[in-house]
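In the working numbering, the protein residues as written are 707 to 1109. The C-beta atom is built at its ideal place from N, Cα and C for all residues, glycine as well. Below is one structure, written out as structure tokens, with a few remarks after it.
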Ligand code: CTP
Ligand code: MG
């Protein structure tokens, strides 16, 4: 049975982003390594009730928009509709309205450019529209004192700088608010208002009000600011920094232990050690390589070797350390990380690493594509390594997210 949501969210993402000044349309410009639209959709799909999600993309980006939206939707992909936008924001919203499913009775319109708008703001608007059956817009108090100037506003092209305009007066701030999206409306009234609209409005609440519809506010959120200029984009990057550390250097730590198993050959650091007792494990037990994998995965926030490769995977039975390390390096590369360096220390009575240290370092550095330094120590006869029962390895890694 097809899904029948009563709420739809139209995410308008068809603007070119003149003021941002990027080569790609604004919604597809990168923010912390992902398109601005992706961040907006993350939060739309975080709503408490499922909604039809109509992405209005530039015609040139219809396919990439569809791919992005379905991948972010995951299990909710059947709720996604993608349409091509128009020449103005209003035309883009109209294109979205034309794609509403029959089951929908409440419509939210949201700017993709307000990429960090929290999911709760969507839920709040839905709730208020349902209660009031009128239009709803999030709003914030205006904190700056507002002046009336002009009509001679200089630099009207970008309107980013107001230079040398005559100040005509001060507007009473106590009755002003700054409005955001999503704005929500009862479906039928919004469709009527769009059909009646005779001019271009800057937001849907204005268009709705022009047709006589009541509009009330709900509390907006600072995070719902609109990414308009490069400065706004940097602000958004900083807001995400604790999670994404967009240009950040990150470190990781990995520890692995395997018991000796004299019946198997020893592979350590990806190389063979003839005459030495081997290590037990589902794979070849190469604790040194495994510790490096965990350090790298941890640094990149990609989990750990167990969750990534699964000890039950029959394909990995007896797999060499090189197999895990090569796959780990590929995972980091795909996630946009470059590797700075790796340092690893082996704690064991044997084998003696010193004589072959440079060989192991060269081998591992070749796979990792960055310097890998290897050190070794004993544990002064203490513990399982001291008793010669097995090997422990501890690794650290430094990675950097590509810009
Ligand atoms: N929008 C749209 N279709 C248009 C114009 C704008 O879908 N023809 C969308 C934008 O993608 C954005 C939202 O409306 O998510 C708010 O518009 P704005 O911030 O002005 O974005 P742009 O028009 O892309 O930017 P600019 O005005 O700087 O060119
Ligand atoms: Mg615009």
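- For the pair residue 998 and residue 1101, the CB atoms are nearer than the 8 Å cut-off.
- Below 8 Å, too few C-beta pairs join the segment 1017-1028 and the segment 1044-1060 to call them touching: fewer than three.
- The residues 762, 789, 790, 791 and 792, in chain order, have a CB closer than 7 Å to that of residue 801 in the same chain once the five nearest residues on each side in sequence are set aside.
- CA-to-CA, the gap between residue 751 and residue 828 works out to about 10 Å.
- Counting C-beta atoms within 10 angstroms of its own C-beta, residue 765 has fewer than 16 neighbours from the protein chains shown and is therefore classed as exposed.
- Closest option to residue 1041, judged by alpha-carbon separation, among 798, 710, 739 and 753: 739.
- In the structure shown, residue 967 falls within a strand segment according to DSSP collapsed to helix, strand and coil.
- It is roughly 44 Å from the alpha-carbon of residue 887 to the alpha-carbon of residue 1016.
- Following the DSSP letters along the chain, one finds residue 817 inside the beta strand (DSSP E) bounded by residues 812-817.
- In the three-state reduction of the DSSP assignment, residue 984 falls in the strand class.
- The three-state secondary structure of residue 962, taken from DSSP, is strand.
- Sequence-distant partners of residue 920 (beyond 5 residues in either direction) whose C-beta falls short of 8 Å from its own C-beta, in its chain, are 838, 840 and 841.
- For residue 1037, the enclosing alpha helix (DSSP H) starts and ends at 1027-1040.
- At least one heavy atom of the ligand MG lies closer than 7 Å to the C-beta of residue 795.
- When Cβ pairs closer than 8 Å are counted between the two stretches, the segment 960-979 is seen not to touch the segment 939-949, the count staying below three.
- A straight line joining the alpha-carbon of residue 1093 with that of residue 1087 spans about 6 Å.
- The alpha-carbon separation between residue 775 and residue 969 amounts to approximately 53 Å.
- In the DSSP assignment, residue 715 falls outside any alpha helix (DSSP H) and within the unbroken beta strand (DSSP E) covering 713-718.
- Straight-line spacing of the CA atoms in residue 723 and residue 743 works out to 13 Å.
- Ranking 957, 824 and 709 by CA distance to the CA of residue 746 puts 824 first.
- In the same chain as residue 787, and ignoring 5 residues on each side of it, the C-beta atoms closer than 6 Å to its own belong to 760 and 805, in chain order.
- By the neighbour-count criterion, in which 16 or more other beta carbons inside 10 Å mark a residue as buried, residue 873 falls on the exposed side.
- Per the coordinates, the alpha-carbon of residue 719 lies some 10 Å from the alpha-carbon of residue 767.
- In this structure, the beta-carbon distance from residue 810 to residue 893 falls below 8 Å.
- For residue 1005, the enclosing alpha helix (DSSP H) covers residues 993-1006.
- The C-beta separation of residue 1066 from residue 977 comes to about 6 Å, placing the pair in contact by the 8 Å criterion.
- Inter-residue distance for residue 1074 and residue 990 is about 19 Å (C-alpha atoms, whole angstroms).
- By the 16-neighbour rule on beta-carbons within 10 angstroms, residue 816 is buried.
- Shown here for residue 1108: same chain residues with a beta carbon closer than 8 Å to its own, the five before and five after excluded, namely 739, 1042, 1043 and 1044 in chain order.
- For residue 1034, same chain residues with a beta-carbon under 7 Å away, outside a window of 5 residues either side, are 999, 1002 and 1003 in chain order.
- Judged by DSSP secondary structure, residue 1044 falls within the beta strand (DSSP E) whose first and last residues are 1043-1053.
- The three-state reading of DSSP puts residue 1079 in strand, counting E and B together.
- Within 7 Å of the C-beta of residue 932 there is at least one heavy atom belonging to the ligand CTP.
- Under the DSSP definition of a beta bridge, residue 979 partners with 972.
- Residue burial is scored here from C-beta neighbours: residue 794 has fewer than 16 other C-beta atoms within 10 angstroms and is therefore classed as exposed.
- A straight-line Cα-Cα distance of about 18 Å links residue 915 and residue 832.
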